[in-house]
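So the sequence shown is numbered by my numbering: it starts at 42 and just counts up by one.
Below you'll find the structure, written out as structure tokens, and then a few comments.
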Amino acid sequence: MNKTRYSLTDIGINLTDSVFDADRETVIQSAESAGVKRMLITGTTAAESEKAISLCQQHPNTLFCTAGVHPHYSKEFSPAIRDTLAALLKQPEVRAVGETGLDFNRNVSSPEQQIRAFEQQLELAAESGLPLFLHERDAHNKQIEMLRHARDHLHGGVAHCFTGSRKELYNYLDLDLYIGITGWICDERRGGELLGLVKDIPANRLMLETDAPYLIPRNLNPKPKSRRNLPAYLIHILEQVAQERACDPQELALQTEANCQRLFRFNQTKEEAGQ
């Protein structure tokens, strides 16, 4: 693998996670050397979103972030948190609202709490003019219902870490959303259905992400000693997706970068983007 061949954006990395505290700068530098020139840090709470912005400010043009409240933390959502998010979404480093959505698998927060927090963040997306960075697990029907209801007021978004069914894929595509593919596609135990679906994603709707430090590609060769996923491994995900789609990985890299620019407008200020 030619580590300098591509120029990619990792649209989902949990770079504020404490597992990166000891070597965060090295992780960023290694990613850039591998061809991952830009990373979008995932905001999961108001506090984590603030940390992400601070980190982005130390690496302008390389790091950007989202700001939002993950469904697990919906129980913490309050008018004060909403006001904090509204202010954070005005920062130039922030390019999407999220990670937001519904997760009825673990119900760390109750479904009612999740729905209320998601409603508020849909409103924030409409108010800010920013796209959505969406999480969903075992809650697809309700999430699609809410997205359809709000659709006319939204400014696009991406179904982060998509691992769903064909019907779920087309539900998202029917809403003109982008689809984020992770190293899940490299997992022979769980990724079989996704391998069959990745060919059906329109090229202009496909994005790539690691979700690091989670979801390390299982078929890395040689296998790294650590089970921690890294943004540098996005190259491996790109090449796996290109293989399944029977396309040139360089062309796929260029297409996914064009998609990222279209949705997140990395090269524009918010004033230029009309926000």
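By construction, the Cβ of each residue, glycine as well, lies at the ideal position given by its N, Cα and C atoms.
query, result
"Would you say residue 175 and residue 224 are within 8 Å of each other, going by their C-beta atoms?", "no"
"Please identify the residue among 157, 114, 151, 52 whose C-alpha is closest to the C-alpha of residue 17.", "For residue 17 there is no data in the structure shown, the boundaries of the chain being 42 and 316."
"Around the Cβ of residue 108, are there at least 16 other Cβ atoms within 10 angstroms (buried) or fewer (exposed)?", "buried"
"Quick check: what's the CA-CA separation for residue 48 versus residue 296?", "11 Å"
"Nearest by alpha-carbon distance to residue 205: which of 185, 196, 190 is it?", "185"
"Per DSSP, what kind of secondary structure is residue 231 in: helix, strand or coil?", "coil"
"Under a three-way DSSP split, which group does residue 141 fall into?", "strand"
"Take residue 164 as the anchor and find which of 181, 138, 285, 94 has the nearest alpha-carbon.", "138"
"With DSSP as the reference, label residue 85 as helix, strand or coil.", "coil"
"Tell me whether residue 112 is buried or exposed, calling it buried when 16 or more other Cβ atoms sit within 10 Å of its Cβ.", "buried"
"Determine the closest residue to residue 235 out of 144, 147, 282, with distance taken between C-alpha atoms.", "282"
"Is the beta carbon of residue 60 closer than 8 Å to that of residue 254?", "yes"
"Going by other Cβ atoms of all chains shown within 10 Å of its Cβ, with 16 needed for buried, is residue 155 buried or exposed?", "buried"
"Let me know if residue 182 comes out buried or exposed under the rule of 16 or more other beta-carbons within 10 Å of its beta-carbon.", "exposed"
"Quick check on DSSP: helix, strand or coil for residue 181?", "helix"
"Would you please state the rounded distance, in angstroms, between the beta carbons of residue 189 and residue 216? I believe it to be under 8 Å.", "7 Å"
"How many whole angstroms separate the CB atoms of residue 141 and residue 110, which I take to be in contact at a CB cut-off of 8 Å?", "6 Å"
"Using the three-state DSSP reduction, which class does residue 68 fall into: helix, strand or coil?", "helix"
"Grab the span of the beta strand (DSSP E) containing residue 305 for me, first residue to last.", "No beta strand (DSSP E) contains residue 305, which is instead part of the alpha helix (DSSP H) from 290-305."
"Can you give the Cα-Cα distance for residue 264 and residue 239, rounded to whole angstroms?", "24 Å"
"Considering only the beta carbon of each residue, do residue 79 and residue 307 sit closer than 8 Å?", "yes"
"For residue 283, decide whether its Cβ has a neighbour in chain D, counting only Cβ atoms nearer than 8 Å.", "Protein chain content of the structure displayed is limited to a single chain, and chain D is not contained in it."
"Can you look up residue 126 in the DSSP assignment and give me helix, strand or coil?", "helix"
"Who are the near neighbours of residue 97 in its chain, counting only those whose CB is closer than 8 Å to its CB and skipping five residues on each side?", "82, 104, 105, 106, 134"
"Pop quiz: residue 275 and residue 249 are said to be a contact at Cβ under 8 Å. What is the actual Cβ separation, rounded to whole angstroms?", "6 Å"
"Return the residue from the list 64, 200, 117, 294 that minimises the CA-CA distance to residue 88.", "117"
"I'd like the list of long-range same chain contacts for residue 231, defined as Cβ closer than 8 Å, with 5 residues on each side in sequence excluded.", "204, 225"
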